[in-house]
Each structure stands twice: as C-alpha cells, then as structure tokens.
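Visitor:
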Ligand SMILES: Cc1ncc(COP(=O)(O)O)c(C=O)c1O
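Residue numbers (the working numbering): 5 to 431.
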C-alpha cells in the first residue's frame, strides 16, 4: 500500500467532494496485480478525517499541554481550546441553555455513561432495531425491547402503547437512533420525543449516523440527550460526545472515579477516604481529557456548518440515487429497508446479492476494484435478521449478513460510480 500523488493525479475524481478528506490519493493493491486509488465507502463505520480537521490538529499540536491542570501558558491555552470545543459542539447541536456537553470516547461510551446515571427503578424502552451500542448498555435497568416497526407511524404507535401503561411519575428513558446504521433510514425522532415526554419519560438520541449527514437540533427535536462519535464525523481522534440535561448526571456517581472529578478528598480517622465530587461536566470527565479529540470534533462541526447541511444533503441524495438507479435493473441485488424504498435516508445502504455470500462479495469489491465496504450484521443483529428474514446463530455473518455501502461529504462521485459498475460486473 502506498500514497502516490502521481496516481492520484491520473485518477482524479470526476466530481470533487464538497469537503476535502485525507486518503483520496492512497493506492491499494488489486488481486490481479497493479494498484488503484482506494474508494472508502465505509463511512458509516469510520469516515476519513477532513483535511481541515487534520490541519487544525496539526496547527495546535506544537501548543499541546495539560488540560485543567497546570499554570503554564500552554496548559492555559489547551484548557481554553478544550472548553471552546465544548461551546462549539453545544452550538452545533443547538443545545438549550443549561445543557452540558461531555466529551467521551465514542457513542458507545456516551450511552454507557448515561446508563450508569439512570435513577433507581428507571425503565428503558428501546426498539430491537437499534445498534448494539443503544441496545445493550441498559443492563441495570428494566428494559422493554420494542418490535421493529415498518413505518414511522408504527414506530410512534408502538412506543405510545409501550408507555401507556406505565406510572408517569416513575423514571423512564427511551433510546432511539436518528439514522439507522444498516438502512440509513431516518427515524421520527421529534414525534417519538413527544410521545416519551407525554408519558413522563426522557429520550436519548443516538446520532452516531445522523450527525455527520444531517443537522441535529436538541432544541427542535426536544430530546433530552444526544450522543455521537468523532470518528464518524470526520474527526478520528478518539473522542465522542454526550450532550443534554444535567440533572440525572449530577445525581449519579461519577462515571470514572479519579482526579478532575473530585473537588475534595480527605483521609478519615478510620482509615477510609471522604470524597466530595464535582457537579457538572467535571463529575464525569475524570482523568486527563483528550483535548486533541475534542478540538478535532469542534473543527469538524465548524467545517460541516460552513459547508451547510442543505448543500451536503442535496448532494448525498444525488449519490444515493446514483446507487439506487444504477442497480435498479439488477434483480440479484436486494436493498434492505424497514420503512420502504422511498423513506428519507442518509448515505448508508445495505443489500444482499443473490448467489453470493456477503463476505465474498465485499472481498471481491476490495480485491478487484479497491473499494472498501462493510459486510456482516453491522452490530445490529436483531435488525439484520428482521430485514433479511434470516434465522440462525447470533454473529453468523457469513450466512446471515449483508453488504453495506456508505458515503458522505468527502466522497468523490467517482467512488460511487466505480461501486455501481463493480456491483454490476460482479453480479
Ligand atoms: C447507530 C450507531 N450507534 C452507535 C454506534 C457506536 O459507535 P462507536 O463505535 O463510535 O461507539 C454506531 C457505530 O457504528 C452506530 O452506527
């Protein structure tokens, strides 16, 4: 594998992407010999870094210093940068006054953090269609798994029925994805939030797949929390976000116990330790924070904001049409969908190919065309089973899995065109 500017120039994308990303000139070997520029079509797993994010990180790197500890100039500068990143993310998410932005490692980490902050007796309601990161963290709560709905209306009705019988004074949380990591389909988040609140429940939005493609307004959607990951938002430096209400978080034990989360620690006469924990963001951000990760996320938020989601979405919808229309007359290809072919979606599409096992098909896309996609069950086993109608063992991706192609603001047209040509040729 090599990085070759010469190859990149020769294979210049037909239409450039709205936001430049790293890696467009990376070449990869083909099974038949020779090399081709890599077509990264697995944005739903991890998107390439935006050039701007990389530049911003590189510009800051010489000034790197400790955050919230240290009187030196660079420590002060790094602390400011970290806290400014918080403000940028709050603006990006259109948070309410009083909401807080916590930096975590990822969406998985954010939802696990929230899971540790559920009040006693909290019930959790989650559709079986969720990514495992949304499905599984609620181990200490009473969880109700809701059946896969086949329309937005059905989703709202299912939640309504599930919440109807509960005591509205007891704590409850609904966890819902904004855009499916399998089908790319958008979920009726605002409507689900209204149902949750009408029944005295809170709602957390898993925006891992939504935030890179779509504006997310905490205020307008009226969700209580939102979680997303930097590495899916073109900022792969190990940070994620949990933003939203403070009350449950302030009442909970710190997610991590350690320096930064503790206001006062004193040894007791009996040999034990008394600890007074901070409230607010410090309570759940013990240890030295990942300032580069936070800075990278803030940089990506600004870049996406400047490009404008309307323009980004219009182009992405065109690329979705290129895929759908380009494969419409290939009967062996069946796209997976919960809400129907016309449902609004982001640039994430999964499909099965008659006569092919998904791992072999994905390997052929890589080996013969230099295209990187994902195959398998996409950490959403119950959903893929519903969509493929498959029975069988959990995790048996070979027999049950599908192929997923996903793209975004850094994808040149040529990558998607190459993908369509490749699928047609392979089939
Ligand atoms: C919808 C959704 N939620 C959560 C996650 C987990 O994200 P992370 O692996 O960054 O924690 C993913 C990752 O694919 C996802 O697609």
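Ideal Cβ placement from N, Cα and C applies to all residues, glycine included.
If you're wondering where the values come from, they're calculated on a predicted model, not measured in any experiment.
Residue 352 and residue 389 - do their beta-carbons sit closer together than 8 Å?
Guide: For residue 389 and residue 352, no; Cβs fall outside 8 Å.
Visitor: So, with DSSP's three-state summary, where would you put residue 58?
Guide: Helix.
Visitor: How far does the alpha helix (DSSP H) with residue 251 in it reach, from first residue to last?
Guide: Start and end: 251-255.
Visitor: Taking Cβ positions, are residue 247 and residue 71 nearer each other than 8 Å?
Guide: Contact flag unset, no.
Visitor: Return the residue from the list 372, 132 and 339 that minimises the CA-CA distance to residue 188.
Guide: Closest by alpha carbon: 339.
Visitor: At what residue ranges does the region 223-310 contain a whole run of the alpha helix (DSSP H), taking only runs of 4 or more?
Guide: The qualifying runs are 251-255.
Visitor: Decide if residue 155 is buried, meaning its Cβ has at least 16 other Cβ atoms within 10 Å, or exposed.
Guide: With fewer than 16 Cβ atoms within 10 Å of its Cβ, residue 155 is classed as exposed.
Visitor: If you reduce the DSSP assignment to three classes, tell me which class residue 438 lands in.
Guide: Given that the chain is displayed from residue 5 to residue 431, the structure contains no residue 438 and the question cannot be resolved.
Visitor: Going by C-alpha to C-alpha distance, which of 243, 406, 69 and 118 sits closest to residue 249?
Guide: Minimum Cα distance to residue 249 is reached at 118.
Visitor: Can you give the Cα-Cα distance for residue 191 and residue 174, rounded to whole angstroms?
Guide: If you take the alpha carbons of residue 191 and residue 174, they lie about 26 Å apart.
Visitor: With which residues is residue 406 paired in a DSSP beta bridge?
Guide: Answer is 380, bridged to residue 406.
Visitor: Kindly indicate the opening and closing residues of the beta strand (DSSP E) around residue 91.
Guide: Run containing residue 91: none in the beta strand (DSSP E); it sits in the alpha helix (DSSP H), 77-96.
Visitor: With a cut-off of 8 Å, do at least 3 Cβ pairs link the region 268-279 to the region 226-244?
Guide: Too few Cβ pairs lie closer than 8 Å, so no.
Visitor: Are the beta-carbon atoms belonging to residue 238 and residue 53 less than 8 Å from one another?
Guide: Yes. Within cutoff.
Visitor: When the Cα atoms are used, what is the spatial distance from residue 298 to residue 89?
Guide: Their Cα atoms are separated by approximately 6 Å.
Visitor: So is the beta-carbon of residue 266 under 7 Å away from any non-hydrogen atom of ligand 1?
Guide: For ligand 1, not one heavy atom lies less than 7 Å from the Cβ of residue 266.
Visitor: Measuring CA to CA, which of 30, 384, 26 and 285 is closest to residue 136?
Guide: It is 384 whose Cα lies nearest to the Cα of residue 136.
Visitor: Alpha carbon to alpha carbon, how far is residue 43 from residue 420? Give it in angstroms, no decimals.
Guide: Straight-line Cα distance between these residues: approximately 8 Å.
Visitor: Between the C-alpha atoms of residue 196 and residue 133, what's the straight-line distance to the nearest angstrom?
Guide: Taking the straight line from one Cα to the other gives about 15 Å.
Visitor: Can you give the Cα-Cα distance for residue 288 and residue 138, rounded to whole angstroms?
Guide: Using only the alpha carbons, I get a separation of about 19 Å.
Visitor: Over the uninterrupted alpha helix (DSSP H) stretch that includes residue 315, give me the two end residues.
Guide: Note, residue 315: alpha helix (DSSP H), 313-330.
Visitor: Pick from 304, 186, 376 and 261: whose alpha carbon is nearest that of residue 240?
Guide: For residue 240, the nearest C-alpha among the options comes from 304.
Visitor: Determine the DSSP secondary structure at residue 30, reduced to helix, strand or coil.
Guide: Residue 30 falls in the strand class under three-state DSSP.
Visitor: Excluding the five sequence neighbours on either side, which residues of its own chain have a C-beta within less than 6 Å of the C-beta of residue 116, listed in chain order?
Guide: If we look at residue 116 and ignore the five residues flanking it on each side, its Cβ neighbours are 141.
Visitor: Put residue 398 into one of helix, strand or coil per three-state DSSP.
Guide: Caution is warranted here: a pLDDT of 48 is assigned to residue 398, below 50, making its placement in the model unreliable, and no coordinate value can be reported.
Visitor: Tell me which same chain residues have a C-beta within less than 7 Å of the C-beta of residue 170, skipping the five on either side of it?
Guide: Hits under 7 Å: 127, 176 and 203.
Visitor: By Cβ distance below 8 Å, which residues in the same chain neighbour residue 218 in space, the five residues on each side in sequence not counted?
Guide: Within the same chain, residue 218 has close Cβ partners 182, 183, 190, 313, 317 and 350.
Visitor: Applying the criterion that 16 or more other CB atoms from any shown protein chain within 10 Å of the CB defines a buried residue, is residue 224 buried or exposed?
Guide: Looking at its Cβ environment, which holds fewer than 16 other Cβ atoms inside 10 Å, residue 224 is exposed.
Visitor: Considering only C-alpha positions, which residue in the set 321, 300, 331 and 386 is nearest to residue 131?
Guide: It is 386.
Visitor: Whose C-beta lies closer than 6 Å to the C-beta of residue 228 among residues of the same chain, with five residues either side of it excluded?
Guide: Result list for residue 228: 206, 207, 248 and 249, in chain order.
Visitor: Nearest-angstrom Cα distance between residue 267 and residue 226?
Guide: Roughly 32 Å between the two C-alpha positions.
Visitor: How would you call residue 101, buried or exposed, if buried means at least 16 neighbouring beta carbons within 10 angstroms?
Guide: Its Cβ having fewer than 16 others within 10 Å, residue 101 is exposed.
Visitor: Can you tell me where the beta strand (DSSP E) with residue 176 in it begins and where it stops?
Guide: Segment 176-181, the beta strand (DSSP E) holding residue 176.
Visitor: How many angstroms separate the CA atom of residue 270 from the CA atom of residue 80?
Guide: Answer to the nearest angstrom: the Cα atoms are 27 Å apart.
Visitor: Below 7 Å, is the gap between the Cβ of residue 233 and the nearest heavy atom of ligand 1?
Guide: For ligand 1, at least one heavy atom lies less than 7 Å from the Cβ of residue 233.
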